[in-house]
Each structure stands twice: as structure tokens, then as C-alpha cells.
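Undergrad: I'd like to ask you about the structure that follows.
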Amino acid sequence: MSEPTSANREKKQPRLNGRRALPSNNSNAEENEVLEMEAFGLMPRGFNPKDYLRVVDIYMFKEPYEINKQQHHTEKYFNPKLIVRRGQPFQIQIDFDRPYEPKRDQFWLEYLIGRYPEQNKGTYIPVLIGDVLKPGEWGAKIIHKENNSIRLSVMSSATCIVGKFRLYLAVWTPFGIIRTHRNSATDTYILFNPWSEQDAVYLDDEKEREEYVLNDVGIVFHGDSNEIQSRSWNYGQFEEDILDACLFLMDKAELELSGRGNPVKVCRVASAVINSRDDNGVLVGSWANVYDDGVSPSAWTGSVDILLEYYSSKKPVRYGQCWVFAGVFNTFLRCLGIPARLITNYSSAHDNNANLQLDVFVDDEGKVDDKLTKDTFWNYHCWNEAWMTRPDLPVGFGGWQAVDGTPQETSDGMYRCGPASVQAIKHGHVCFQFDAPYVFAEVNSDIVYFRRERNGALVIHHIDTAGIGKLIVTKAVGSDEMVEITENYKFQEGSEEERLALETAMMYGVKKTYKDMPDTTYQQQTDVEMELQLQKAVLGSDFKVTIIFRNKSRNSYTATTYLSGNIVFYTGVKKNEFKKHSFQAKLEPLSSAVFDVVITSSEYLSDLLDQASFHFFVTARINETQKILAVQKAMVLDIPTLRIKTKGEMVVDREMSVTVEFTNPLKEALENVTLRLEGPGVLRTIKKEFRQVPAKSTLLWEVKCVPKRPGLRKLIASLNSDSLRHVYGELSIQIQKP
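The sequence shown begins at 16 in our numbering and counts up one residue at a time.
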């Protein structure tokens with residue numbers, strides 16, 4: 016058989032810079048024109064293509080119940096075309112106009128992707144018919160012949176490009192090549208394959224593959240490390256048009272098609288295109304608490320609406336915050352077949368230039384100076400981990416890689432982060448690409464409190480070495496429980512291993528600047544302790560703040576005490592101070608003194624932010640010694656939930672009823688209320704708007720739907736209003752087969 020060619024696929028190729036070259040091939044959506052009759056020279060008179068083997072039909076076995084989608088774990092995709100995973104055989108059937116005769120007939124398959132297919136770039140793939148399939152290499156063999164039909168087993172390369180390929184069947188004749196015409200019904204999506212040992216994303220645990228690739232609903236952990244809260248998120252990676260939307264993101268990022276088989280490159284460009292900062296990517300980030308021209312980040316219940324809106328409008332969607340970026344990123348990764356999970360880091364350092372230090376400045380009374388203090392730490396921050404080998408790094412740094420789509424710092428000129436080896440981060444090997452110093456700092460920084468003396472001198476008031484990266488968590492495999500993975504990122508605080516990892520990071524250029532400062536540490540009062548306790552409270556209720564002094568000395572003291580209560584964004588940025596309270600505390604020798612301060616709902620409700628986060632700061636001056644005690648604590652109010660109920664039988668293709676119920680806990684009406692409800696495989700997102708929900712009243716919303724997918728499914732709802740957000744509800748339901 017003559018060798019198939021690729022250069023002549025395009026009628027005329029351009030010359031760039033004076034020599035023949037092809038333009039960038041970075042769009043999966045664009046196509047070239049393929050010749051149905053490619054003559055070897057002048058065509059002899061009397062040549063009739065019908066004298067040679069002719070293809071009548073190609074059957075792709077692409078239904079969800081058929082062999083290909085079942086064996087390739089792609090039966091859940093709401094997509095009519097064939098979807099397979101690379102490095103694993105799939106089957107197609109070819110119907111000819113007569114029986115196939117191997118000695119007389121010669122044909123092969125051609126897979127093309129993009130506008131300028133080239134064989135050496137993996138964008139033009141001729142697949143010859145042979146006797147044996149080699150694992151992980153392109154090839155095809157006949158496994159069944161009957162009448163005019165043959166069935167082929169086709170093997171794709173374990174490193175091939177991930178995307179949508181066009182299929183042609185080429186028949187050789189002495190005078191030229193005859194091809195089938197363009198038929199979109201035979202288009203074939205090829206995805207990453209965590210089930211194949213030869214794939215860079217191979218994951219050897221079946222339960223983990225089911226969780227990190229096939230589970231289309233996840234959990235986002237938020238709140239505070241002392242008051243962890245959770246909500247469900249619909250990744251929806253199998254929903255209609257989501258696969259095409261994810262492929263479009265790589266087109267938008269202008270990733271060369273030849274690089275789309277490399278999960279490192281795919282993750283790198285995706286972390287940039289998930290946000291809109293410098294490339295008009297998917298989501299606009301906003302932490303301003305004003306979302307009139309878009310959707311509040313807290314209102315989203317999943318990724319599907321966001322990705323579909325971006326795919327159709329080609330314009331950034333408003334608005335997202337860290338868990339929204341991470342949720343959409345997770346959908347992208349799982350949809351393409353890269354194992355992925357969403358991570359929450361409680362007390363996450365930000366904007367510290369990876370110097371392992373957050374500088375907090377306090378005045379001579381111990382109160383934070385907002386003008387001087389620029390660094391912040393977030394109550395929590397969400398990012399993603401993607402599973403892959405790292406052939407670009409030394410052995411041992413494959414596995415989970417941290418990737419982050421939230422726009423924070425630029426990397427190589429764009430707002431993106433990762434992939435950074437989690438193993439490298441843990442051991443302090445931050446010299447390895449990409450962005451390991453930044454992630455290392457997010458989980459390992461120290462909080463350094465500087466105090467400005469009255470004479471202007473700056474002294475170190477206090478160093479908190481355990482305040483950052485307090486707790487790192489993710490969803491458990493096979494359940495909605497929380498799993499702590501802090502030890503994946505850092506050794507136990509204060510251990511010999513942790514010190515060694517820190518020294519390694521510093522050897523690679525990450526610095527702790529206070530190490531170079533003169534020894535001017537402030538000498539604290541050691542015989543008096545102060546503790547701050549916050550009463551757990553529900554939004555709309557009053558609660559207590561308790562300050563406890565323990566005088567361990569035989570001296571009597573008095574303490575001038577100041578309490579500051581602030582409403583803060585979850586990023587740690589203060590909106591305003593809503594509570595000021597000062598008092599004199601008398602501290603008897605060898606005894607404790609307890610002081611309660613009541614916080615009323617009227618003091619905080621008018622300025623409350625999305626996630627009902629408070630930050631309390633207490634400072635006390637021991638009058639007899641002029642020493643300062645300081646303590647701070649964050650808290651998150653419990654927000655009431657939505658209740659979801661169902662009526663009627665829950666069976667595929669039969670109507671059922673879903674009711675969402677909510678009681679307004681506030682003493683005032685809620686204005687401009689929007690409810691969202693979605694459930695992958697049960698119903699697409701629907702919205703309902705209510706102008707007002709009166710104080711203490713109950714809202715009911717009933718929805719009819721027809722489930723499309725059997726098994727354990729989840730309904731997810733959110734409520735958003737002018738004065739109350741982050742209200743969620745969920746319900747797991749079992750949908751029966753008809």
C-alpha cells in the first residue's frame with residue numbers, strides 16, 4: 016500500500032517568512048477541505064471510481080448502551096457522537112458495496128483535527144489495517160467479517176491529542192485515493208484515559224477514578240477552620256454541550272493542537288483561561304459585594320450555566336470568587352478525563368510575594384493599623400488538584416499537582432497558577448515549575464505582628480508560625496465527608512521535617528525577611544493570659560463574645576480592654592467596624608475574670624456580607640506594667656438552609672414534583688430574592704424571582720421535572736437576595752429505571 020499523505024490535504028499552503036510553513040494550528044473547531052478524489056497524476060479516460068471498493072456506511076457503536084461508551088466509561092455524556100479514551104481499543108463497522116477482498120482491496124482510516132493537519136504533529140493520523148494491535152499505538156485490525164461488512168478494532172495512541180477528530184475512510188486505486196465525504200456523524204472525541212497504564216493521567220484505584228473522573232457532583236468546604244461549612248456543587252461534566260465548551264476553552268487559550276495531549280500544558284493554559292483578567296476568559300472575579308450587572312458568586316449552584324453562557328456568548332461571565340473558579344476548573348478537568356479534586360485551604364496567605372511572611376502592624380495599644388497592613392490571609396481559599404505524571408520534573412514529583420484559576424498573581428505574564436507538584440511543595444523543592452513558591456507560601460507563611468513604639472521604633476510584637484495553612488481538606492472518595500490532607504502539603508508544625516522543608520525552600524530563594532531583622536522582639540506580659548470565646552450563633556440572632564483573663568501571679572492588676580468587631584470578606588479584607596467596646600478589668604491574684612459582651616443583630620445585619628464573616632480583635636493594656644495583650648478570632652454565623660422535598664414516584668422519563676421551602680429568619684423583609692434549583696440528570700437549572708419575602712415568613716416553590724438518568728442523584732438549590740446570600744439546600748434522591 017502506498018503511504019498516505021497529509022501535505023496535499025490543503026489546496027495551497029502559505030509561505031511565511033520566505034519559506035514554506037503552516038500557520039498555527041490552535042483551533043479544534045476549524046477544518047480543512049479534504050479531497051474526495053486525490054489523483055496521483057492525470058486521470059485516464061474511462062476511470063470510474065465505482066469500479067473500486069466503495070463505502071456505503073460507517074457504524075460507530077456510539078449509543079450509551081453500546082460497547083464503545085460502556086468500555087470507555089463515557090456512557091454518561093449527553094452527546095450523540097462517539098466518545099472514547101486514548102490508548103484503549105474501540106470498534107467501528109464499515110459497510111461496503113460488496114464483500115471486502117484483502118488481496119484486491121486496500122483501505123485505511125484517516126483521523127484529522129484542526130485546520131492544518133500534519134502527520135508529524137499528530138493532527139493527521141493515517142491508521143493502517145494490520146494483524147496485531149500494539150498497546151498504546153495507533154492501529155486497526157479486522158475482528159469480524161460478514162457479507163459486505165467488516166468490524167474493526169481501532170487502537171489510539173496513549174499520548175494522542177485530546178479533542179474532536181474527523182474520520183475519513185480512504186480507498187487506494189492505481190490512479191488515486193478515493194475518500195468518504197465529510198460526515199459529522201462519524202466525528203470522534205478522544206479523551207485522556209485514567210484507566211490506561213500508558214496514559215500520563217493513569218490512576219490505579221477504581222474508587223478514586225469513579226470519584227475524581229466520573230462523579231459529577233462535589234462538595235465545597237468553606238467557612239472558617241473552627242466552623243467548617245459545606246455546600247454541594249454540580250460539576251455537570253457530562254451535560255449537553257459541556258464537552259464542546261471545554262474544548263472551546265483550549266481554542267480560546269490558543270493552545271497548539273499538538274500540545275493538547277500533554278496534561279501539564281492543558282492545565283497550565285486552563286488555569287489562565289478560567290479567569291478573565293488578561294485573556295477574556297470564562298469568569299470575572301469580583302469581591303466588591305455589588306453584583307447588579309451579573310450573578311452573585313454565592314448564587315451559582317454549579318458549573319454548567321457558567322460554561323454554557325461563556326460558550327454561547329464568547330464573553331466573560333459575571334461573577335466568580337475562588338470556589339466558583341475552582342468548581343468550573345474541576346468540571347473542565349474531569350470532562351476531559353484528567354482526575355481532579357477541589358481543595359480548601361483554611362487561613363490561606365495571599366499577596367505576600369512568596370516571602371513566607373504576612374506583616375501585620377499594630378499601634379502602641381495593640382490595634383491593627385489598616386493603613387500600614389497590606390498583607391491579608393483569607394478565611395479559606397479553594398483551588399484544584401489534578402493527577403498526572405511530571406516527566407518534566409525529577410522522579411517522584413508526579414501525582415497530585417496544585418492548579419488555581421483564581422486570578423491572584425501573574426505567572427509568565429498571565430494570571431494563572433500551576434501545575435505545581437504537591438510533593439515538591441511539601442519537601443520545599445520550590446525550584447520546580449510551575450509556581451511552587453507561591454503555593455508553598457499560601458500554606459506555610461508566618462504571621463508577623465510588628466508594633467510601633469511611641470518613639471517610632473518598630474519591634475516584633477508576636478510571631479504566629481502556625482496561623483497559616485491551618486487545615487487543608489477535600490471531599491472523601493465515595494462520600495460527602497471531609498478528608499484532611501494537610502500532611503500532603505506540609506509536615507507537622509514544629510517537626511524536624513518541617514524545619515528541613517523550610518530550609519530547603521529558603522535555599523531555593525524563598526525568604527523570611529524578619530529573620531534578617533535585629534533582635535527587637537517585644538517582651539510580652541507572661542503572668543497574665545487572655546482568651547477570647549465566641550458563641551455559636553444563627554444569622555439574625557444576638558450572641559455573646561466572652562473575654563477571659565487568667566492572672567497567674569500574686570499581683571493585683573487592672574487591664575484597660577478594647578474590643579473591636581469587624582465585618583470582613585472571606586478574603587480577610589475588612590469592610591467596616593460594627594462594634595466598639597472598652598472596659599476596665601480588675602484582675603485579682605491567682606484567679607480568673609470573665610467578661611461578656613453582647614452583640615445584637617441590629618448592630619451587624621445592615622452591613623452583613625456574603626458569608627456572614629466576623630473578625631474580633633481584643634487588646635488589653637496591663638496598667639501597672641504597660642504591657643499589651645492581644646488576641647483575635649474569626650467566626651462565621653450559621654446561615655439557615657433551604658429545605659427540598661419531592662412528591663410522586665422518582666422514575667426515569669416520568670414527571671415528578673420538587674418543592675423548595677425557606678423561612679426568612681430576619682426581622683426584616685428580604686428584597687429581590689432569586690431561587691435556583693438544579694440536579695444533574697434530573698433537571699437543568701431553573702430560576703424563580705420573588706420581589707419580597709416578608710420577615711419571619713415562609714416561601715414555597717414547586718417545580719415539575721422529568722428525570723433522565725437513573726441512580727443516586729442530587730438536587731441543589733440556592734437563594735440570593737439583597738441582604739442575604741449563601742443560602743443553600745440539597746437533597747439526595749434515588750431515581751429508578753422505568
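All C-beta atoms, glycine included, are put in the ideal place defined by N, C-alpha and C.
Given the structure is predicted, the values throughout are model-derived calculations rather than measurements.
1) Hey, out of Leu517, Gln550 and Thr346, whose CA is closest to Trp248's CA?
2) Could you give the DSSP three-state label for Glu152: helix, strand or coil?
3) Taking the beta strand (DSSP E) that Ser607 falls in, what are its first and last residues?
4) Nearest by alpha-carbon distance to Trp398: which of Leu547, Ala285 and Tyr325 is it?
5) To the nearest angstrom, how far is it from the Cα of Tyr361 to the Cα of Pro709?
6) Could you tell me which of Lys386, Ala401 and Leu387 sits nearest to Gly342, measuring between CA atoms?
7) Reducing DSSP to helix, strand and coil, say where Pro434 ends up.
8) Buried or exposed: which applies to Gly694, given that a residue is buried once 16 or more other Cβ atoms fall within 10 Å of its Cβ?
9) How is the alpha helix (DSSP H) around Ile257 delimited, first residue to last?
10) Per the DSSP calculation, Asp72 is bridged to which residue(s)?
11) By Cβ distance, which residues of its chain are closer than 8 angstroms to Gly300, with the 5 residues on each side in sequence left out?
12) What is the DSSP secondary structure of Glu693, reduced to helix, strand or coil?
13) Cutting at 7 angstroms between CB atoms, please list the residues of its own chain near Ser240, excluding the five before and the five after it.
14) Should Ser42 and Asp407 be called a contact, given that it needs their Cβ atoms to be closer than 8 angstroms?
15) Just how far apart, CA to CA, sit Asn277 and Asp214?
16) Here's the rule: buried if 16 or more other CB atoms are within 10 angstroms of the residue's CB, otherwise exposed. What is Asn304?
17) Can you have a look at Asn94 and say buried or exposed, based on whether 16 or more other CB atoms are within 10 angstroms of its CB?
18) Assign Lys222 to one of three DSSP states: helix, strand, or coil.
19) Nearest-angstrom Cα distance between Asn83 and Leu692?
20) Can you check the stretch 429–474 for any alpha helix (DSSP H) of at least 4 residues that lies completely inside it and give the ranges in chain order?
21) Just mark Gln252 as buried or exposed, buried being the case when its beta carbon has 16 or more other beta carbons within 10 Å.
22) Any chance you could list the beta strand (DSSP E) runs of at least 3 consecutive residues sitting entirely within the stretch 620–702, in chain order?
23) Just to confirm before moving on: does the CB-CB distance between Val10 and Tyr577 stay below 8 angstroms?
24) Report the rounded CA-to-CA distance for Pro64 versus Pro189, giving the unit in angstroms.
25) Is Thr404 closer than 8 angstroms to Gly413 when the C-beta atoms are compared?
26) Sort His442, Pro114 and Gln749 by Cα distance to Gln507 and report the nearest one.
27) Which of helix, strand or coil does DSSP assign to Thr573?
28) In terms of residue numbering, what span does the beta strand (DSSP E) encompassing Gly300 cover?
29) Give the straight-line distance between the Cα atoms of Arg24 and Tyr585, rounded to the nearest whole angstrom.
30) Where does Ser327 fall in DSSP's three states?
31) Which runs of the beta strand (DSSP E) spanning at least 3 residues fall entirely within the stretch 130–188, listed in chain order?
32) Drop a sphere of 10 angstroms on the beta-carbon of Leu262, count the other beta-carbons inside from all chains shown, and report buried for 16 or more, exposed for fewer.
33) According to DSSP, simplified to helix, strand and coil, what is Asn399?
34) Write down every uninterrupted run of the alpha helix (DSSP H) in the stretch 78–129 whose length is 4 residues or greater and which is fully enclosed by it, in chain order.
35) In its own chain, which residues sit with a C-beta less than 8 angstroms from the C-beta of Phe180, not counting the 5 before and 5 after it?
36) Which same chain residues end up closer than 6 angstroms to Ala54 when comparing Cβ atoms and leaving out the 5 residues on each side of it in sequence?
TA: Here's the rundown:
1) Taking only the C-alpha atoms, the option nearest Trp248 is Thr346.
2) Three-state result, Glu152: coil.
3) For Ser607, the uninterrupted beta strand (DSSP E) run begins and ends at Ser606 to Ile614, by DSSP.
4) Of the residues Leu547, Ala285 and Tyr325, the one whose Cα lies closest to the Cα of Trp398 is Ala285.
5) A direct Cα-to-Cα measurement between Tyr361 and Pro709 gives close to 36 angstroms.
6) Nearest option by C-alpha distance: Ala401.
7) Note: Pro434 maps to strand in three-state DSSP.
8) Flag for Gly694 reads buried.
9) Taken as a continuous stretch (DSSP letters only), the alpha helix (DSSP H) holding Ile257 covers Ile257 to Lys267.
10) DSSP output for Asp72 lists Asp110 as bridge partner(s).
11) Result list for Gly300: Asn290, Ser291, Arg292, Tyr334, Gly335, Gln336, Phe340, Thr421 and Pro422, in chain order.
12) Strand, per DSSP.
13) The beta carbon of Ser240 sits closer than 7 angstroms to those of Tyr361, Ser362, Lys485 and Leu486, all from its chain and outside the five residues before and after it, given in chain order.
14) Cβ atoms of Ser42 and Asp407: not closer than 8 angstroms.
15) The C-alpha of Asp214 is placed about 10 angstroms away from the C-alpha of Asn277.
16) By the neighbour-count criterion, in which a residue is buried when 16 or more other Cβ atoms sit within 10 angstroms of its Cβ, Asn304 is exposed.
17) Buried, because 16 or more other Cβ atoms sit within 10 Å of the Cβ of Asn94.
18) In this structure, Lys222 counts as helix in the three-state DSSP scheme.
19) One C-alpha to the other measures close to 33 angstroms.
20) Qualifying alpha helix (DSSP H) stretches, in chain order: 437–442 and 451–459.
21) The residue is buried, with at least 16 neighbouring Cβ atoms inside 10 Å.
22) Those beta strand (DSSP E) runs which fall completely within the stretch 620–702 and span 3+ residues are 628–637, 642–651, 658–662, 671–678 and 685–694.
23) Look at the range of the chain in this structure, 16 to 753, and you will see that residue 10 is not part of it.
24) About 11 angstroms.
25) In contact: Gly413 and Thr404 (Cβ atoms closer than 8 angstroms).
26) Of the listed residues, the one whose Cα sits closest to Gln507 is His442.
27) Correct three-state label for Thr573: strand.
28) For Gly300, the enclosing beta strand (DSSP E) begins and ends at Leu298 to Gly300.
29) Any reading at Arg24 needs caution, since the residue's pLDDT is 42, under 50, leaving its predicted position unreliable; the model's value is listed next. The C-alpha of Tyr585 is placed about 55 angstroms away from the C-alpha of Arg24.
30) Here Ser327 sits in helix by DSSP.
31) If we require 3 residues or more, the beta strand (DSSP E) runs fully inside the stretch 130–188 come out as 139–145, 154–161, 164–170 and 178–188.
32) Classification for Leu262: buried.
33) Residue state for Asn399 is assigned as strand, using DSSP reduced to three classes.
34) If we require 4 residues or more, the alpha helix (DSSP H) runs fully inside the stretch 78–129 come out as 82–86.
35) The beta carbon of Phe180 sits closer than 8 angstroms to the beta carbons of Tyr126, Leu127, Ile128, Ile140, Asp202, Thr203, Tyr204 and Ile205 from its chain, once the five residues preceding and following it are set aside; these are given in chain order.
36) Cβ within range, chain order: Gly191.
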